[in-house]
DNA sequence: ACGTATAGTCGAAACGCTTCGATGATTACT
DNA sequence: AGTAATCATCGAAGCGTTTCGACTATACGT
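Protein chains in written order, with my numbering: chain C, 1 to 337; chain E, 338 to 674.
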């Protein structure tokens, strides 16, 4: 930088001002400075800049260590966040930690990152508490129980659930089951699990349908068994809303073993599930697909906005899933089986 | 840090030495210093450390922007790399760029990262060329065409292919097809595609079997059509080795439509495919599963070793996939169909 | 014509650490 | 006993930026 300054015949600080636009610089000098930078192949040093300005332009993505196992969803998420960060001139570091790790505090206090984006937020999340305590800038994907005054993006589960129920109702289904993630996830306060469970009951009631809502472990075999059990207890079921990709595989197997056909004998909707997975099965699955990339991008944008804005506004956003009709849903049967 | 020094009654530099162990410090003073740090809640500042030492302890994961679409594989990869980095006291930033992006140069010259880990290396990869040109420390997942003198980890495709062919041969299969990724991937020099294609022919010849090797687009429908075409042209096929998860779905559909059963009428092996996907299908798939987490961890380890070692050795490693027998493979039919 | 903004620039002091050379004080080796 | 390492520590000079206060020259309002 000192070389650039010399070559352009200006002071060191002038180069800095030209670079960041912090103070006015005459067009003429700016030209000279840029030319000098070009000729010398000068590139500003990120660390030095960060040290002096106290803003590293690095944000962290707080990524829970695989508990429920990782989905395609998460990956797209990560990459879209990385891209969004880069588009804003930020870097994205990955911090993959258990939610209750004490290591987070250390990492935050290293002063490396300007803010963090928290994924897979639980209704009651120790990471969030820590961040608030340290008054560390953050925003979330998903929401903790009380998310007032915090910045977040999340799937609009109310709307998503409503869309699924409405669609099935339009097809003439009257008895609909909802298959959730596990009870443990529910009790741990995993957002989607809690919110959809609640909304499902409301939507069913409002549409004057019959509904049954149940938890299910995230495994193929659990899905298989759950389906059989459900149909024993509620033989009139004609449609299932499933928010559990692994269980979905088991359900499809159980249906096929029974000699039934999808969607003639039963309709299936996969909730918050990606196209990639939905197209791997036979038949392909009607889904409500989360706007993953948008969530990632938006999450990063909100965080950066928060970091750079002077005012203390904490923006929030909810995005609904999109109904993509494929081959696993159809008109309800007219006749009893 | 100056406060810690004062409180411990030592010089600033002594605190630094105690922290990094760069020079010997008496046990007694070390105690005092650590106590002081504790009391003051002192945490070293990562950026300042990086600036002064010229080693940021940050590495980048060079992640290609989704071309072939993202797999579960990649995600596990990313998280395992992040963890490995953290275990070594490093941070991992994500750089998601097209392989031919000019932006990489900018990023490298920012001086933010000490080294990069390159994913999805093509046989002829501009990123690698750039890294060599700049003499920037890096290691790779996968290999470029000439990988002598470079550090990498990769799947041992030779051994993996051999395992698959051997296993099928043992089951009595005599006519085996190999379904690869697309021809475009092959021509682009995508490593797995090229290496397995080559090795398949060799392995078939060595085992004195009949083999047919074919490319296939990464899509369900392409797999479906490819299967039908293959069986028209080679009615004697009794086993398929498939390295193409999406095509695999199509193949399974085609088999089932034909009224055939897996594995009684045809055996399927999914190559370099994760357990998550293999267990979603009916029947579950026999696979050769890549040691993804190990690859990620090892890749990071090799890179860091390279960064910290004084000697200029560039370690390399090949790991084979593991054969996991599930329900898609069985004895070859004794009789003609 | 006079104080007062404002544009444009400079020099120097941070930012929070590492690292080099120097200095005593021990210990080891002939 | 004398020289040479080694141990333990200190002070100061960076690392490559940003940012603050100061200064000059020009334009502004009255």
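Idealized CB from N, CA, C, for every residue including glycine. Only a predicted model underlies this, so the values are computations on that prediction, with no experimental measurement involved.
Within the present structure, is the beta-carbon of residue i separated from the nearest heavy atom of the ligand NAP by less than 7 Å?
{"i": "residue 594 (chain E)", "result": "The ligand NAP is not part of this structure, which contains no ligands at all."}
Starting from residue i, find everything on chain E with Cβ-Cβ shorter than 7 Å and list it in chain order.
{"i": "residue 48 (chain C)", "result": "388"}
{"i": "residue 112 (chain C)", "result": "383, 384 and 428"}
{"i": "residue 279 (chain C)", "result": "557"}
Over the uninterrupted alpha helix (DSSP H) stretch that includes residue i, give me the two end residues.
{"i": "residue 236 (chain C)", "result": "Neither: residue 236 (chain C) is in no alpha helix (DSSP H) and is coded neither H nor E."}
{"i": "residue 191 (chain C)", "result": "191 to 206"}
{"i": "residue 256 (chain C)", "result": "245 to 257"}
{"i": "residue 494 (chain E)", "result": "494 to 507"}
{"i": "residue 463 (chain E)", "result": "463 to 470"}
{"i": "residue 120 (chain C)", "result": "Note, residue 120 (chain C): premise wrong, no alpha helix (DSSP H); not H, not E."}
{"i": "residue 364 (chain E)", "result": "364 to 377"}
{"i": "residue 277 (chain C)", "result": "275 to 278"}
{"i": "residue 387 (chain E)", "result": "383 to 390"}
{"i": "residue 520 (chain E)", "result": "520 to 524"}
Suppose the cutoff is 6 Å on Cβ atoms and the five residues either side in sequence are ignored; what does the same chain contact list for residue i look like?
{"i": "residue 473 (chain E)", "result": "445"}
{"i": "residue 327 (chain C)", "result": "283 and 284"}
{"i": "residue 557 (chain E)", "result": "583, 586 and 587"}
{"i": "residue 522 (chain E)", "result": "530"}
{"i": "residue 25 (chain C)", "result": "17 and 18"}
{"i": "residue 217 (chain C)", "result": "182"}
{"i": "residue 419 (chain E)", "result": "429"}
{"i": "residue 116 (chain C)", "result": "60, 62 and 138"}
{"i": "residue 290 (chain C)", "result": "155, 272 and 321"}
Kindly list the residues whose CB is nearer than 8 Å to the CB of residue i, restricted to its own chain and excluding five residues on each side of it in sequence; keep chain order.
{"i": "residue 670 (chain E)", "result": "575, 601 and 602"}
{"i": "residue 22 (chain C)", "result": "16"}
{"i": "residue 341 (chain E)", "result": "352, 370, 373, 374, 377 and 379"}
{"i": "residue 536 (chain E)", "result": "494, 495, 498 and 499"}
{"i": "residue 551 (chain E)", "result": "514, 515, 516, 517, 563 and 567"}
Who are the Cβ neighbours of residue i in its own chain at under 7 Å, not counting the five residues just before and after it?
{"i": "residue 641 (chain E)", "result": "425 and 427"}
{"i": "residue 99 (chain C)", "result": "64, 122, 125, 126 and 127"}
{"i": "residue 559 (chain E)", "result": "553, 584 and 587"}
{"i": "residue 143 (chain C)", "result": "121, 152, 154 and 191"}
Are the C-beta of residue i and some C-beta of chain C separated by less than 8 Å?
{"i": "residue 593 (chain E)", "result": "yes"}
{"i": "residue 550 (chain E)", "result": "no"}
{"i": "residue 393 (chain E)", "result": "yes"}
Which chain C residues sit within Cβ distance under 9 Å of residue i?
{"i": "residue 586 (chain E)", "result": "279, 280, 281 and 282"}
Starting from the beta carbon of residue i, find every residue of chain C whose beta carbon is closer than 8 Å, and list them in chain order.
{"i": "residue 380 (chain E)", "result": "106, 109, 110 and 111"}
{"i": "residue 419 (chain E)", "result": "63, 94, 95 and 96"}
Would you mind reading off the limits of the beta strand (DSSP E) that contains residue i?
{"i": "residue 9 (chain C)", "result": "No beta strand (DSSP E) contains residue 9 (chain C), which DSSP labels as neither H nor E."}
{"i": "residue 310 (chain C)", "result": "Run containing residue 310 (chain C): none; DSSP gives neither H nor E here."}
{"i": "residue 107 (chain C)", "result": "Residue 107 (chain C) -> not in any beta strand (DSSP E); alpha helix (DSSP H) instead, spanning 103 to 109."}
{"i": "residue 211 (chain C)", "result": "210 to 214"}
{"i": "residue 668 (chain E)", "result": "Run containing residue 668 (chain E): none; DSSP gives neither H nor E here."}
{"i": "residue 428 (chain E)", "result": "428 to 434"}
Starting from the beta carbon of residue i, find every residue of chain E whose beta carbon is closer than 9 Å, and list them in chain order.
{"i": "residue 225 (chain C)", "result": "Neighbours of residue 225 (chain C) on chain E: none; closest Cβ ~15 Å, over 9 Å."}
Does residue i get closer than 8 Å to chain E when you measure Cβ to Cβ?
{"i": "residue 75 (chain C)", "result": "yes"}
{"i": "residue 253 (chain C)", "result": "yes"}
Notebook entry, point to check: If you measure beta-carbon to beta-carbon, which residues of the region 491 to 520 of chain E are closer than 7 Å to chain C?
Noted result: none
Check: In chain order, what residues of the region 614 to 641 of chain E put their CB closer than 7 Å to some CB of chain C?
Finding: For the region 614 to 641 of chain E, the beta-carbon criterion of a distance under 7 Å to any beta-carbon of chain C is satisfied by 616, 617 and 619.
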